[in-house]
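Below: one structure, written as structure tokens.
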Amino acid sequence: MVRRADRVTDLEAALSAEAVFVDDPEDHGWMTAVAGGQELYVRLGDFPDGDLWSLWLGDGRWMDFTVPPAGWTLRVSGPRRSATARPRLPKNEFHE
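Under our numbering, the first residue of the sequence shown carries the number 164, and numbering increases by one thereafter.
Encoded structure:
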């Protein structure tokens, strides 16, 4: 479950790590992985109107991208929302 207070502490380590992102069962539209020793949260973007993905960096900052880093696996398949997931909010809004 992503929170506004979550942050990427070492972006270089995160981007160079191997990571397999899976759907966050608690937040619709988010995927999570552990990479570079830290929890990462990626939000499915508003493609084609914007970038395909957004990595939450913390402190109101995002890294938007369409092509993921080489070691990252982000797959969108099947139903995108578990029955218990909180609804998707607009970018920069979080369930607190």
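Don't be surprised by glycine CBs; every beta carbon is placed ideally from N, CA and C.
Assigned secondary structure, residue i (DSSP; H/G/I helix, E/B strand, else coil)
i: alanine 176; result: helix
i: alanine 168; result: coil
i: aspartate 186; result: strand
Whole-number beta carbon distance between residue j and residue i, since they are thought to touch under 8 Å
i: aspartate 187; j: valine 165; result: 7 Å
i: leucine 178; j: proline 232; result: 5 Å
i: alanine 180; j: glycine 199; result: 4 Å
Cutoff 6 Å; reference residue i; Cβ partners in own chain excluding five residues on either side
i: leucine 218; result: Val205 and Met226
i: alanine 176; result: Gly199
Chain-order list of residues whose beta-carbon lies under 7 Å from that of residue i (same chain, five-residue window excluded)
i: valine 183; result: Ala196 and Thr236
i: arginine 170; result: Leu220, Gly221 and Asp222
i: alanine 248; result: Pro188, Glu189, Asp190 and His191
Same chain, Cβ closer than 8 Å to residue i, neighbours up to 5 away in sequence not counted
i: leucine 252; result: His258
i: aspartate 214; result: Gly208, Asp227, Phe228 and Thr229
Quick check on the DSSP output: what are the complete alpha helix (DSSP H) runs of length 4 or more inside the region 189-256, in order along the chain? none
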